[in-house]
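First the structure, in the form of structure tokens, and then the observations on it.
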Amino acid sequence: MIEKKRVAILISGRGSNMASLLDAAAAPDYPASIALVLSNRPGAGGITRASEAGVATVVVDHKAYPDRESFERAMDAALVEAEIEIVCLAGFMRVLTPWFVSRWVGRMINIHPSLLPLFRGTHTHRQALDAGVRVHGCTVHYVVPELDSGPIIAQACIPVFPGDDEDALATRVLVEERRIYPQALAQLASGEARLSGQRVEWLLKR
Ligand code: GRF
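The numbers in numbering that gives the first Met the number 0 rise by one with no breaks, and the one at position 31 of the sequence shown is 30.
Okay, here's the thing in structure tokens:
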């Protein structure tokens with residue numbers, strides 16, 4: 000029997016990336032199991048989807064806490080309680096403090112809808128159109144204190160066609176997000192990728 004890492008997925012919205020991780024983790028030989036889905040928004044569509052899939056869910060509503068630190072301490076407690084080993088951010092729309100990031104450093108990854116280091120922050124498809132790039136894409140990276148930075152585990156690109164708008168790019172990029180996030184999580188969970196200082200160290204399989 001393969002040893003599976005216990006993973007939590009942090010979401011704020013519809014959770015389509017979360018769903019791709021749940022689908023991948025259903026395979027017997029996948030090196031991670033999704034032990035918890037945590038949302039900071041009570042109405043997040045992904046919570047319903049996760050419950051329907053039989054996954055434990057918890058809502059830690061940031062509005063219920065007086066400050067960022069107490070909100071993050073509540074999230075951290077929920078993760079520790081569920082014996083989580085790896086955290087996947089999947090459309091989680093809260094900026095994390097250096098305290099929380101350092102708690103999970105090397106064990107927390109994020110999916111971002113651009114080819115980092117281009118187009119950090121929000122409205123990445125708008126940023127790509129404004130910049131006139133001919134390729135665009137998505138990135139899975141380790142989370143570090145600086146927003147949308149951190150050593151890169153996986154990327155995928157798509158062409159930008161004349162006439163593309165934000166929705167067209169978002170749709171095409173999302174297909175790639177759903178493909179590479181499960182692969183990147185498997186690489187982390189299996190020990191194939193690990194964080195070493197500012198770089199990803201790869202275990203070379205012979
Ligand atoms: C995705 O585009 C992801 O890259 C970004 O937020 C979006 C979340 O979508 N961080 P979903 O909730 O996974 O459908």
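Cβ atoms here follow ideal geometry from the backbone N, Cα and C, with glycine treated the same way.
Let me confirm a value: residue i is counted as buried when at least 16 other C-beta atoms fall within 10 Å, else exposed. Which label applies?
i, result
"P112", "buried"
"Q182", "exposed"
"E176", "buried"
"T47", "exposed"
"F118", "buried"
"R40", "buried"
"F160", "exposed"
Assuming residue i and residue j are in contact, meaning their beta carbons sit under 8 Å apart, how far apart are those beta carbons, in whole angstroms?
i, j, result
"S11", "S50", "Wrong, their Cβ atoms sit about 16 Å apart, outside the cutoff."
"E68", "L128", "Contact doesn't hold; Cβ gap of about 37 Å is too wide."
"I1", "L35", "About 20 Å separates the two Cβ atoms, so there is no contact after all."
"L114", "T138", "6 Å"
"H140", "I151", "5 Å"
Look up residue i in the DSSP assignment and say whether it is helix, strand or coil.
i, result
"R193", "strand"
"M107", "strand"
"H135", "strand"
"H140", "strand"
"L21", "helix"
"L128", "helix"
"V100", "helix"
"S32", "strand"
"S148", "coil"
"A15", "Checking the sequence, you will find Ser at residue 15 rather than Ala. In this structure, S15 counts as helix in the three-state DSSP scheme."
Taking the alpha helix (DSSP H) that residue i belongs to, which residues open and close that run?
i, result
"A183", "165-188"
"A49", "44-51"
Tell me the residue span of the beta strand (DSSP E) that contains residue i.
i, result
"V59", "From DSSP, V59 is part of no beta strand (DSSP E); its letter is neither H nor E."
"V79", "Looking at the DSSP string, V79 is not in any beta strand (DSSP E); the run it does join, the alpha helix (DSSP H), is 67-80."
"K4", "4-10"
"L114", "Premise fails: L114 is in no beta strand (DSSP E) and is neither H nor E."
"E84", "Per DSSP, E84 belongs to no beta strand (DSSP E) and is neither H nor E."
"R198", "198-201"
Are the C-beta of residue i and some C-beta of chain D separated by less than 9 Å?
i, result
"A89", "Structure shown: chain D not included; a single protein chain is present."
Checklist line | At least three beta-carbon pairs within less than 8 Å, the segment 97-108 to the segment 23-30 | finding: Two segments are said to touch when three or more pairs of C-beta atoms, one from each, lie closer than 8 Å; by this definition the segment 97-108 does not touch the segment 23-30.
Note to self: Below 8 Å, how does it come out for the segment 81-89 and the segment 3-19: are there three or more Cβ pairs, yes or no?
What the structure shows: Counting Cβ pairs under 8 Å, three or more are found: they touch.
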